[in-house]
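Residue 170 is where the sequence shown starts when you use the working numbering, and the numbers rise one by one after that. Everything below concerns the one structure shown next.
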Amino acid sequence: MILKSYEINKINLDNHKIVLLYGKNEGHKNESIRFITNKRVKSINYEEKEVLENTTNFLESISTVSLFDNEKIILIKRATDKILKIIEEISVKDLNDTKIIIDSDNLEKKSKLRKFFEINKNYICVPFYPDNEQTLVKLAYNFFKNKKISIAQSEINQIVNKCNGDRQKLNTELEKIEFYVKGGKKLTSENLSKLINLNENYSVIELVNHCLAKNKIQIIKILNENNYSNEDGILILRIFLSQSKKILGLLREYEKNQNIDLTISSAKPPIFWKDKEITKKQISGWKQENLKKLIYEINNIELLIKNNINCSINLITDFILAKSVS
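As structure tokens, this is what we get:
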């Protein structure tokens with residue numbers, strides 16, 4: 170059964186225990202996942218590759234009853250048609266209190282996974298198409314209205330234009346502005362421009378990449394050359410999280426083929442030539458279990474800085490310096 174993305178409030182996991190969300194609009198998908206699972210237990214996240222490589226363990230985990238939680242929510246990320254056989258097997262089982270959300274990239278009309286959900290009345294699929302400028306302007310306007318932050322319409326348009334139709338980037342910009350205002354500072358046209366221009370500041374990506382490559386000398390140099398503020402913290406963390414997940418995916422491929430050059434040359438999206446050497450260092454310097462732990466810690470740091478806005482950049486720089494040690 171097909172629902173529109175604006176009909177997400179019609180999804181009830183108690184009635185529809187397997188849901189497919191697909192499309193390029195990652196920001197809208199992530200919002201919808203949070204809405205669907207609101208006030209429920211924390212989801213158990215799987216990559217499709219993990220499920221396919223350990224199918225027996227995955228199926229056993231679905232049927233296992235928790236002693237502590239009444240229900241279980243499983244999120245399968247980056248799913249493709251390869252997962253269909255397992256979903257078909259699950260669909261004939263009694264899931265009890267287990268709910269499954271499948272998160273896929275863009276699925277063509279001929280996709281077997283997409284067709285399975287479209288024609289089956291017991292399951293729901295929701296396509297998420299890119300946002301247009303009008304939608305993003307409305308989202309930004311409602312955000313500032315709800316947060317009671319005074320801002321001109323022209324400045325809202327300026328923020329939206331910087332995001333290039335990406336809702337996830339918009340959410341990051343809005344969070345940065347919220348942190349800035351919570352710190353007791355007044356939002357003006359001048360400091361707004363400084364806040365949103367940080368998206369173009371390559372030093373943040375350099376900082377994160379050198380941390381993942383464990384180049385402490387370069388990290389100290391970047392920190393000394395850039396005057397990061399507490400409001401920059403959320404962007405640094407988001408880039409750190411994104412880059413860590415990217416390296417985790419490459420590391421899985423490398424452990425499978427044992428050929429680092431093949432891993433980098435076949436990466437999607439492609440790795441630019443100038444980033445290849447540092448990417449090799451990142452892959453060589455981590456193991457999967459340690460990188461998964463790092464991703465978990467980054468999420469915890471984000472929660473910590475939300476409660477300590479005025480010292481967020483100190484918390485982040487201390488964290489980055491600690492992780493840059495081999």
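Where is the CB? At the ideal position from N, CA and C, for every residue including glycine.
Next item on the list: Output the distance between the C-alpha atoms of V188 and L308, rounded to the nearest integer angstrom.
Entry: 25 Å
Checklist line | Contact under 8 Å by Cβ, L228 with K251 | finding: No, Cβ-Cβ distance for L228 and K251 is not below 8 Å.
Notebook entry, point to check: Would you call P296 buried or exposed, if buried means 16 or more other Cβ atoms sit within 10 Å of its Cβ?
Noted result: Answer is buried; the Cβ neighbour count reaches 16.
Check: Apart from the five residues just before and just after I391, which ones in its own chain have a Cβ nearer than 8 Å to its Cβ?
Finding: S372, E375, L376 and H379
Next item on the list: Closer than 8 Å by C-beta to T341: which residues in its own chain qualify, once you throw out the five before and the five after it? Chain order, please.
Entry: Cβ contact annotation for T341 (same chain, cutoff 8 Å, sequence separation greater than five): I403, L404 and R407, in chain order.
Margin query: So, under 8 Å CB-CB, H185 and I346 are touching, yes? Tell me the CB distance rounded to an integer number of Å.
Written below: Your pair H185 and I346 does not check out as a contact, with CB atoms roughly 36 Å apart and the cut at 8 Å.
Check: Any idea what DSSP makes of Y298, helix, strand or coil?
Finding: Coil at Y298, not helix or strand.
Check: Are there 16 or more other CB atoms within 10 angstroms of the CB of S201, so buried, or fewer, so exposed?
Finding: buried
Check: Nearest CA to the CA of K281: which residue from T249, I440 and I318?
Finding: T249
Notebook entry, point to check: Ordered along the chain, which non-local residues of its own chain (more than five positions away) have a Cβ less than 6 Å from that of L182?
Noted result: K268
Next item on the list: Count the other C-beta atoms from every protein chain shown that fall within 10 angstroms of the C-beta of G196, then say buried if there are 16 or more, exposed otherwise.
Entry: buried
Note to self: I'd like the span of the alpha helix (DSSP H) that includes A491, first residue to last.
What the structure shows: S481 to K492 is the extent of the alpha helix (DSSP H) around A491.
Note to self: Based on DSSP bridge pairs, tell me the residues matched to K267.
What the structure shows: Reading off the sequence, residue 267 comes out as Thr, not Lys. DSSP, once it has assigned bridges, lists K241 as partnering T267.
Check: Is the beta carbon of I452 less than 8 Å from the beta carbon of L419?
Finding: In this structure, L419 lies closer than 8 Å to I452 by Cβ.
Margin query: Less than 8 Å between the C-beta atoms of L244 and S273, yes or no?
Written below: no
Next item on the list: Give the DSSP bridge partners of L419, in chain order.
Entry: According to DSSP, L419 bridges with nothing at all.
Check: What separation, rounded to the nearest whole angstrom, lies between the Cα atoms of K316 and T486?
Finding: 28 Å
Next item on the list: Quick one: grab the DSSP three-state call for D401.
Entry: helix
Margin query: Measuring alpha carbon to alpha carbon, tell me which residue in I231, Y191, F488 and D300 is nearest L410.
Written below: F488
Notebook entry, point to check: Given that a residue counts as buried once 16 or more other Cβ atoms are within 10 Å of its Cβ, and exposed if not, what is L236?
Noted result: Since pLDDT at L236 reaches only 49, below the 50 mark, its modelled position is unreliable, and no value is offered.
Next item on the list: Work out the CA separation of K383 and E446 for me, nearest whole Å.
Entry: Going from the Cα of E446 to the Cα of K383 covers about 13 Å.
Note to self: Would L431 and Q457 qualify as a contact pair, given that the criterion is a beta-carbon distance under 8 Å?
What the structure shows: Against a cut-off of 8 Å, the Cβ pair of Q457 and L431 comes out as no contact.
Note to self: Let me confirm a value: Y215 is counted as buried when at least 16 other C-beta atoms fall within 10 Å, else exposed. Which label applies?
What the structure shows: buried
Notebook entry, point to check: In this structure, does DSSP put V261 in helix, strand or coil?
Noted result: coil
Check: Which runs of the beta strand (DSSP E) spanning at least 3 residues fall entirely within the region 290 to 369, listed in chain order?
Finding: 293 to 297
Next item on the list: Report yes if the C-beta distance between I205 and E287 is below 8 Å; otherwise report no.
Entry: no
Margin query: Residues in the same chain with beta-carbon distance under 6 Å from L264, minus the five sequence neighbours each way, listed in chain order, please.
Written below: K186
Check: When DSSP builds the beta bridges, which residues end up paired with A248?
Finding: Residue pairing of A248 in beta bridges, as defined by DSSP: S273.
Note to self: Within a Cβ cutoff of 8 Å, which residues of the same chain sit near E369, ignoring the five residues on either side of it in sequence?
What the structure shows: Unreliable placement is indicated for E369, whose pLDDT of 48 sits below 50; the coordinate value is still reported in the next sentence. Around E369: no qualifying Cβ.
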